[in-house]
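Enquirer:
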Amino acid sequence: MEKGYKELILFFLLIPIFSLFLCSAEPLKINEADIIERLTRVEEGLKRVEEGQRAIIREMDKRFEAIDKRFEAIDKRFEAIDKRFESIEKRFDQMINLFIAIVGAFTAIVAVSIGFAIWDRRSMIRPFETKVKSIEEELAGNKKTLHSLLEALRELSKKDEKLLEILKKFSLL
């Protein structure tokens, strides 16, 4: 590739020299020594151009290396950020698990409380139910007696006016 540049530069440098030969009205007298000297200068110029190009390429390589280092630093920063996101994600997972555990515990406590309340009410109501049944049975047995007593009071109220007023007052007549 560099050889092609040399030939191209040499070609463009030699064009003005040949144009001088073609355009001049009087013939130029150039000897071989002048041509060799000029060619030597052209070659030296080409060498300087090549050295300049090499220096530019070296500078570009250095800059590319610096850019590569910067990209590596950026990659490290991104890795650090990724690690932070992963740790935050783990914390969220832990918080969600804790929240689920708290909700589960609360649900269990509520369920146990409701179950205990139902059991407690049933165990408290049973003695009252037995007492009420016994009272109902006793009242059923005493119903005839009360009915007979009420009939007796009604008969007596026919003779006693105070008793009649009292029975009317309580709507027993």
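Under my numbering, the letters of the sequence shown match residues 10 to 182, in that order.
Ideal Cβ placement from N, Cα and C applies to all residues, glycine included.
Nothing here was measured: the structure is a model prediction, and the numbers come from that model.
Which of the three DSSP states is assigned to I39 in this structure?
Expert: Taking the sequence shown and counting its residues from 1, the one referred to as residue 39 is at position 30. Correct three-state label for I39: coil.
Enquirer: Is the Cβ-Cβ distance between V51 and L22 less than 8 Å?
Expert: By one-based count along the sequence shown, residue 51 stands at place 42. By one-based count along the sequence shown, residue 22 stands at place 13. Against a cut-off of 8 Å, the Cβ pair of L22 and V51 comes out as a contact.
Enquirer: Under 6 Å Cβ to Cβ from L182, same chain only, skipping five residues before and after it: list those, please.
Expert: Residue 182 sits at position 173 when you count from the first residue of the sequence shown. Taking C-beta separations shorter than 6 Å and ignoring five residues to either side along the sequence, the partners of L182 in its chain run L176, following chain order.
Enquirer: Might you give, ordered along the chain, the residues of its own chain that have their beta carbon closer than 8 Å to the beta carbon of A110, omitting 5 neighbours on each side?
Expert: Your numbering for residue 110 matches position 101 in the sequence shown. None.
Enquirer: Check the C-beta distance from S180 over to L173 and give it rounded, since I have them as a contact under 8 Å.
Expert: Working through the sequence shown from its first residue, we reach residue 180 at position 171. Working through the sequence shown from its first residue, we reach residue 173 at position 164. Between L173 and S180 the Cβ distance is about 13 Å, and since that is not below 8 Å, they are no contact.
Enquirer: Would you please state the rounded distance, in angstroms, between the beta carbons of L55 and K15? I believe it to be under 8 Å.
Expert: Taking the first residue of the sequence shown as position 1, residue 55 is located at position 46. Taking the first residue of the sequence shown as position 1, residue 15 is located at position 6. Right, the Cβ-Cβ distance comes to about 6 Å (below 8 Å), so this counts as a contact.
Enquirer: Report the rounded CA-to-CA distance for R79 versus K71, giving the unit in angstroms.
Expert: For the purposes of this step, residue 79 is identified with residue 70 of the sequence shown, where counting begins at 1. For the purposes of this step, residue 71 is identified with residue 62 of the sequence shown, where counting begins at 1. Our two residues, R79 and K71, have alpha carbons roughly 12 Å apart in a direct line.
Enquirer: Once DSSP output is grouped into helix, strand and coil, what is the label at F179?
Expert: Against the sequence shown, residue 179 aligns to sequence position 170. Residue state, collapsed to three classes: coil.
Enquirer: In chain order, what residues of the same chain have a beta carbon less than 6 Å from the beta carbon of I123, not counting five sequence neighbours either side?
Expert: Translated into the one-based positions of the sequence shown, residue 123 becomes position 114. Closer than 6 Å at the Cβ level, and outside the excluded window around I123, lies no residue.
Enquirer: What is the DSSP secondary structure of D129, counted as helix, strand or coil?
Expert: Here residue 129 refers to the residue found at position 120 when the sequence shown is read from its first residue. Correct three-state label for D129: helix.
Enquirer: Taking the C-alpha atoms as reference points, what is the distance between K178 and K171?
Expert: Locating residue 178 in the sequence shown gives position 169, where the first residue counts as 1. Locating residue 171 in the sequence shown gives position 162, where the first residue counts as 1. Spanning the two alpha carbons is a distance of roughly 11 Å.
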